[in-house]
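Novice: For the sequence shown, the UniProt record's numbering assigns the number 1 to the initial residue and increments by one for each residue that follows.
Beta carbons are placed, not taken as given, at the ideal position from N, Cα and C, and that holds for glycine.
Source: prediction; values computed, not measured.
Once you've had a glance at the structure underneath, I'll fire off some questions.
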Amino acid sequence: MKLHYLQHVPFETPRAILDWARQRGLSLSATRFFAGDPLPEELPDFLVVMGGPMSVHDEDQYPWLREEKSFIKEALSRGLPILGVCLGAQLLAEALGARVYKGPYREIGWFPVELTEEAEAHPLFHGLPRHFPAFHWHGETFDLPEGSLHVARSEGCLNQAFLWEDRVLALQFHLEMTPEGAEDLLRYCPEDLTPPGPFVQEAEGVRGRPEYYEETRRILFRLLDRLSGLKP
């Protein structure tokens, strides 16, 4: 199985997703838009769309967004399993006809996420904790695409995740985050921590605790196993 990922900035890599892929023996390839990489000529078996500080609406500043959106729509139409993270989730929402817009709050740091009752009843999320800590770094949100399953919410953001056709999972939060990734965001995007807000933590809160990373990694691996079809 081949996993291809779309990366928008150098400091938002797939992190723990790459650990999962290597453990499962997947072949890896990437389009790094910031480096001018081309999109693959053939669709992969599994697509991951990562985050970034830009908006889905910033096509004038980042012209490659137009090409990326077309590629995502093709992947959706061809039945690929897809995981979108943060900006990636917003790109999926837009590709499926939903609105992406500024959220009521910025969420930066570790805040609890709650699965919906509908998600708990779905096989993809069976056995996952109803509540868990998750890493956030976003100011925009999305409406749920028509026909999608509302997966998760938080106090600061109603639509934290959705599932579409049982194979496309959009996560506003970052299950793939590692301590190194949190440090990179603090280094490259410190301005996002100001002005303060009810869901904006200071640097120590953003760094989190070791057990947070361990739990989100377990959840991530289970979801990727099921989404990719490698394990039931």
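Just how far apart, CA to CA, sit residue 225 and residue 198?
Specialist: Counting from one through the sequence shown, the residue named residue 225 turns up at place 225. Counting from one through the sequence shown, the residue named residue 198 turns up at place 198. Near 35 Å, if we compare the C-alpha coordinates of residue 198 and residue 225.
Novice: Under 8 Å from any heavy atom of the ligand SAM, does the C-beta of residue 105 make it?
Specialist: The ligand content of the structure shown is nil, which means the ligand SAM is not present either.
Novice: Identify the continuous alpha helix (DSSP H) that holds residue 130 and give its terminal residues.
Specialist: Sequence index remark: in the sequence shown, residue 130 carries index 130 (1-based). Looking at the DSSP string, residue 130 is not in any alpha helix (DSSP H), and its letter there is neither H nor E.
Novice: What did DSSP end up calling residue 90 once you bin it into helix, strand or coil?
Specialist: As a working note, residue 90 is residue 90 in the sequence shown. Correct three-state label for residue 90: helix.
Novice: Rounded C-beta distance between residue 175 and residue 119? I'm assuming under 8 Å.
Specialist: Taking the first residue of the sequence shown as position 1, residue 175 is located at position 175. Taking the first residue of the sequence shown as position 1, residue 119 is located at position 119. No, residue 175 and residue 119 are not in contact; Cβ-Cβ is about 14 Å, not under 8 Å.
Novice: Please list, in chain order, all residues of the same chain as residue 21 whose beta carbon is under 7 Å from its beta carbon, the five residues on each side excluded.
Specialist: Start at 1 with the first residue of the sequence shown, and residue 21 comes out as number 21. Cβ neighbours of residue 21 beyond the five flanking positions: 3, 28.
Novice: Check each candidate in 89, 190, 109, 155 and name the one with the smallest Cα separation from residue 205.
Specialist: Counted from its first residue, the sequence shown places residue 205 at position 205. Nearest C-alpha to residue 205: 109.
Novice: Are the C-beta atoms of residue 210 and some chain C residue less than 9 Å apart?
Specialist: The displayed structure is made up of one protein chain only, and chain C is not part of it.
Novice: Rounded to the nearest angstrom, what separates residue 214 and residue 132 at their Cα positions?
Specialist: Position 214 of the sequence shown holds residue 214. Position 132 of the sequence shown holds residue 132. Answer to the nearest angstrom: the Cα atoms are 11 Å apart.
Novice: Could you tell me which of 5, 222, 138 sits nearest to residue 80, measuring between CA atoms?
Specialist: Stepping through the sequence shown from its first residue, residue 80 is reached at position 80. The shortest Cα separation from residue 80 among 5, 222, 138 belongs to 5.
Novice: Helix, strand or coil for residue 222, going by three-state DSSP, please let me know.
Specialist: Taking the first residue of the sequence shown as 1, we reach residue 222 at position 222. Of the three classes helix, strand and coil, the one that applies to residue 222 here is helix, per DSSP.
Novice: Can you check whether the CB of residue 16 is closer than 9 Å to the CB of residue 220?
Specialist: Sequence index remark: in the sequence shown, residue 220 carries index 220 (1-based). Sequence index remark: in the sequence shown, residue 16 carries index 16 (1-based). Yes; because the gap between Cβ atoms is below 9 Å, this pair is in contact.
Novice: Could you tell me if residue 126 is buried or exposed, where buried requires 16 or more neighbouring beta carbons within 10 angstroms of its beta carbon?
Specialist: Within the sequence shown, numbered from 1, the residue matching residue 126 stands at position 126. When all chains shown are included, residue 126 counts as exposed.
Novice: Decide if residue 14 is buried, meaning its Cβ has at least 16 other Cβ atoms within 10 Å, or exposed.
Specialist: Counting from one through the sequence shown, the residue named residue 14 turns up at place 14. When all chains shown are included, residue 14 counts as buried.
Novice: Tell me whether residue 31 sits in a helix, a strand or coil according to DSSP, three-state version.
Specialist: Here residue 31 is taken as the residue at index 31 of the sequence shown, counted from 1. Three-state DSSP puts residue 31 in a strand.
Novice: In terms of alpha-carbon separation, which member of 44, 30, 216 lies closest to residue 38?
Specialist: To locate residue 38, count along the sequence shown from 1; it is residue 38. Residue 38 has its Cα closest to that of 30, out of 44, 30, 216.
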